[in-house]
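The block underneath contains the structure these notes are about, expressed in structure tokens.
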Amino acid sequence: MPVTEPDKEGVPPLLGSWKRIYALVLGELVLCILLFRLFSWAFS
Amino acid sequence: MSRLDWFVLGAALLFVVLWGLYKGRGATTGESYIGGGRDHRWWLVGLSIMATQASAITFLSTPGLAYVDGMRFVQFYFGMPLAAVVLSVTLIPLYHRLKVSTAYEILEARFDLKTRLLAAILFLIQRGLAVGLTIFAPALVLSVLLGWSIHANILLVGVLVMLYTVTGGTKAVAWAHSSQMVIIAGGMLLAGVMTAHRLPAHVSFSDALHVAGGLGRLNVIDTHFDVNNRYNLWSGLIGGFFLMLSYFGTDQSQVQRYLAGSDLTQSRLGLLLNAMLKVPMQFLILLLGALVFVFYQFQAPPLFFNPGPVRQVLAGPDAAAYRAVEARFAQARAGQSQQAEAYVTARHGGDAALIAANKQRLQQAQAESETIRREGVALIEKANPGTNPSDVNYIFLAYVLGSLPVGLVGLVIAAVFSGSMSSMSGEISALGATTVVDLWRRLIGGSQGQREVWVGRLATFAWGCFAMAFAEYAARLGSLIEAVNILGSLFYGTILGIFITAFYVKRVQGGTAFYAALVAEVGVLACFKFTQISFLWYNLIGCVAVVGLAWAFSLLRPPAQEAAPGQ
Chain E
640 MPVTEPDKEG VPPLLGSWKR IYALVLGELV LCILLFRLFS WAFS
Chain C
68 MSRLDWFVLG AALLFVVLWG LYKGRGATTG ESYIGGGRDH RWWLVGLSIM
118 ATQASAITFL STPGLAYVDG MRFVQFYFGM PLAAVVLSVT LIPLYHRLKV
168 STAYEILEAR FDLKTRLLAA ILFLIQRGLA VGLTIFAPAL VLSVLLGWSI
218 HANILLVGVL VMLYTVTGGT KAVAWAHSSQ MVIIAGGMLL AGVMTAHRLP
268 AHVSFSDALH VAGGLGRLNV IDTHFDVNNR YNLWSGLIGG FFLMLSYFGT
318 DQSQVQRYLA GSDLTQSRLG LLLNAMLKVP MQFLILLLGA LVFVFYQFQA
368 PPLFFNPGPV RQVLAGPDAA AYRAVEARFA QARAGQSQQA EAYVTARHGG
418 DAALIAANKQ RLQQAQAESE TIRREGVALI EKANPGTNPS DVNYIFLAYV
468 LGSLPVGLVG LVIAAVFSGS MSSMSGEISA LGATTVVDLW RRLIGGSQGQ
518 REVWVGRLAT FAWGCFAMAF AEYAARLGSL IEAVNILGSL FYGTILGIFI
568 TAFYVKRVQG GTAFYAALVA EVGVLACFKF TQISFLWYNL IGCVAVVGLA
618 WAFSLLRPPA QEAAPGQ
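Line order of the protein sequences matches chains E and C.
Be aware that the first sequence starts at 640, since it is given in my numbering, and climbs by one per residue.
Be aware that the second sequence starts at 68, since it is given in my numbering, and climbs by one per residue.
Following this line, the structure appears as structure tokens:
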């Protein structure tokens with residue numbers, strides 16, 4: 640089953656490709672985890 | 068509540084209902100009623116997804132959790148961005164390509180009718196029961212703290228929601244969601260700003276964070292792996308990933324929200340927007356709870372924030388003992404406030420040794436207060452056998468009612484009502500859609516014209532009534548409520564396993580997946596009944612069990628010859 644076939648809608652309205660959008664979403668999660676870790680460390 | 072609070076509350080609720088009715092008019096076919104016209108922009112999709120997930124109890128209990136246990140609950144949402152990306156790559160394009168109205172339609176194309184019906188019925192059971200609790204829990208809190216009738220509260224929320232949901236369908240729900248999210252965000256943001264403002268003048272925001280952190284309320288990340296620990300980095304990333312994958316990928320209450328997007332791009336962006344906002348939003352709500360905790364370092368808190376069980380103790384033989392514990396608690400908290408003041412003063416002085424010494428004394432004072440509080444809770448538990456002696460859901464609203472200014476109280480209560488209404492509307496809309504598409508349309512048949520609109524309205528109305536009836540009944544469930552609360556995790560893993568088997572285990576046939584799902588579900592229920600495994604892991608266990616069993620069963624049968632959907 641071609642569950643990962645290319646998006647027929649073409650490029651997303653920002654960042655130029657869906658891969659970059661996904662990288663942004665996952666990058667934000669990693670950044671949040673790192674900042675939360677820093678936050679806990681700074682105030683504990 | 069003051070007149071101004073009543074005015075703010077009434078105006079907010081009236082606006083939500085009228086906005087939903089206005090924007091939801093014009094559904095002429097079953098498809099437009101259930102699919103919302105499929106013309107929603109990404110931001111509307113994102114707000115609608117967020118509002119469906121965010122129930123009133125989320126806004127009541129999350130600050131309370133931070134108050135009692137710290138901020139580690141935010142880790143629960145770490146699986147969400149991962150799940151949103153996976154769904155954007157896999158399921159959402161498939162749903163759009165096949166132009167389905169419910170998630171369960173594709174299971175018939177891949178397997179057979181009984182597997183589709185199994186998944187649809189599991190959804191109807193778990194979501195049908197859960198929707199009652201989404202209106203019962205906040206109604207209970209409001210009734211206890213404000214003295215409102217719980218029955219009137221349930222009836223009010225139910226009737227308001229059904230006014231626009233039954234008449235306008237998915238489009239009305241989505242537009243009402245957008246207004247509800249504005250009320251919720253505005254109410255919580257202002258409450259946070261006002262809480263920081265209401266700290267003593269000499270206590271800066273940085274001081275407040277150091278007090279909260281010093282007393283263990285800013286423990287956001289826990290990297291220690293423990294399957295019995297509900298909230299740590301690994302349970303959030305792994306268990307939370309499977310829970311979110313199932314919730315956003317296979318739960319019709321969410322699938323319906325992004326299928327209303329005008330195209331694949333709008334659906335994807337809506338889900339991804341929600342994934343990006345959710346973790347920071349939950350962090351801020353938890354931070355608000357931590358600030359409330361700091362606020363009560365300088366003000367005397369009650370021993371127990373839920374006055375209902377306290378009244379039970381005071382009416383019983385342990386009244387004198389409870390009063391004595393209360394007096395000791397008040398004395399201990401007065402000492403603790405002095406220690407908090409000393410710690411802040413030491414921080415301003417900058418002497419590291421003095422800061423460390425005062426911090427340690429503050430921690431000792433907190434531990435002493437907690438010990439006394441536990442004595443009081445034990446008396447409460449004794450006077451209220453079989454109930455959960457937790458006041459987590461009451462802390463934030465008790466603080467709001469006692470400490471926030473007139474007008475803002477009404478706005479926060481409007482936010483609580485909005486949360487209750489937003490999740491209920493998304494859920495009964497999805498229950499109605501599944502009933503129509505997977506049961507009525509598939510088993511009985513019929514056109515998708517005006518008649519199906521009326522069938523949809525009838526089904527949505529019936530589920531709304533069921534939700535209100537179950538909410539009324541929930542008051543008698545006692546400790547069973549906790550079981551119903553984790554109902555989603557009892558079924559989500561199995562449903563997700565069916566979908567994953569459909570996509571990735573090609574040799575599995577319909578009957579095989581069906582029986583694997585039944586056996587896996589029994590296994591998950593056994594885990595719930597006989598083990599201490601934290602509920603987030605049920606999602607992983609159920610999913611892996613279905614895929615593994617389906618694969619094992621398929622080895623006993625010839626490989627499937629049928630084509631999968633999309634091929």
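Cβ atoms here follow ideal geometry from the backbone N, Cα and C, with glycine treated the same way.
In this text the structure is predicted, and so the values were computed from the model without any measurement.
If you measure from the beta carbon of residue 672/E to each beta carbon in chain C, is any gap under 8 Å?
yes
Between which two residues does the alpha helix (DSSP H) holding residue 537/C run?
517-541
Is there a Cβ of chain E sitting closer than 8 Å to that of residue 134/C, yes or no?
no
With distances taken from CA atoms, which of 474/C, 341/C, 99/C is nearest residue 258/C?
474/C
Does DSSP classify residue 91/C as helix, strand or coil?
coil
Once DSSP output is grouped into helix, strand and coil, what is the label at residue 283/C?
coil
Starting from the Cα of residue 89/C, find the closest Cα among 221/C, 230/C, 137/C, 405/C and give me that residue.
230/C
Among residues of its own chain, excluding the 5 on either side of residue 614/C, which ones have a beta-carbon nearer than 7 Å to its beta-carbon?
564, 567, 568, 572
Scan the stretch 427-473 of chain C and note each continuous alpha helix (DSSP H) run of 4 residues or more that stays entirely inside, going in chain order.
Unbroken alpha helix (DSSP H) stretches of 4 residues or longer found wholly inside the stretch 427-473 of chain C: 459-470, given in chain order.
Would a check of beta-carbon distances place residue 656/E closer than 8 Å to chain B?
Included in the structure are the protein chains E and C, with no chain B among them.
Please classify residue 459/C as buried or exposed, where buried requires at least 16 other C-beta atoms within 10 Å of its C-beta.
Classification for residue 459/C: buried.
Figure out for me which residue from 287/C, 427/C, 133/C has the closest Cα to the Cα of residue 680/E.
287/C
Would a check of beta-carbon distances place residue 280/C closer than 8 Å to chain E?
yes
Going by C-alpha distance, which of 604/C, 110/C, 592/C, 591/C is nearest residue 340/C?
Of the candidates 604/C, 110/C, 592/C, 591/C, the one whose C-alpha sits nearest the C-alpha of residue 340/C is 110/C.
Do residue 607/C and residue 191/C have their beta-carbon atoms positioned less than 8 Å apart in this structure?
At a Cβ-Cβ threshold of 8 Å, residue 191/C and residue 607/C do not count as neighbours.
Which residues does DSSP pair with residue 328/C in a beta bridge?
107/C
Can residue 254/C and residue 85/C be called in contact, C-beta distance under 8 Å?
No, these two residues do not count as a Cβ contact at 8 Å.
Where does residue 417/C sit, in a helix, a strand or coil, going by DSSP?
coil
Just to confirm, are residue 601/C and residue 155/C a CB contact at a threshold of 8 Å?
Contact: no.
Give me the Cβ distance between residue 212/C and residue 464/C, rounded to the nearest whole Å; I'm assuming they're in contact under 8 Å.
5 Å
At a Cβ threshold of 8 Å, is residue 286/C touching chain E?
yes
With 8 Å as the limit, tell me which residues of the stretch 313-343 of chain C have their beta carbon closer than that to any beta carbon of chain E; keep them in chain order.
Taking a C-beta cut-off of 8 Å against chain E, the contacting residues of the stretch 313-343 of chain C are 330, 331, 332, 335, 336, 339, 342, 343, listed in chain order.
Answer with yes or no whether the minimum CB distance from residue 233/C to chain E is below 8 Å.
no
For residue 634/C, which residues in the same chain have their Cβ closer than 6 Å to its Cβ, ignoring the five residues on either side in sequence?
Note that residue 634/C scores a pLDDT of 37, beneath 50, so its modelled location is shaky; the value from the coordinates is reported in the next line. The answer is none, since no qualifying residue turns up.
For the candidate residues 352/C, 469/C, 114/C, whose alpha-carbon lies nearest to that of residue 141/C?
352/C
Going along chain C in order, which residues have a C-beta closer than 8 Å to the C-beta of residue 676/E?
287, 288
Residues of chain E with CB under 7 Å from residue 276/C, in chain order?
Residues of chain E whose Cβ lies closer than 7 Å to the Cβ of residue 276/C are, in chain order, 682.
Helix, strand or coil for residue 611/C per DSSP?
helix
Compare the Cα-Cα distances from residue 462/C to each of 371/C, 585/C, 268/C, 185/C and report the closest residue.
371/C
Using a 10 Å radius around the Cβ and a threshold of 16 neighbouring Cβ atoms, would you call residue 538/C buried or exposed?
Buried.
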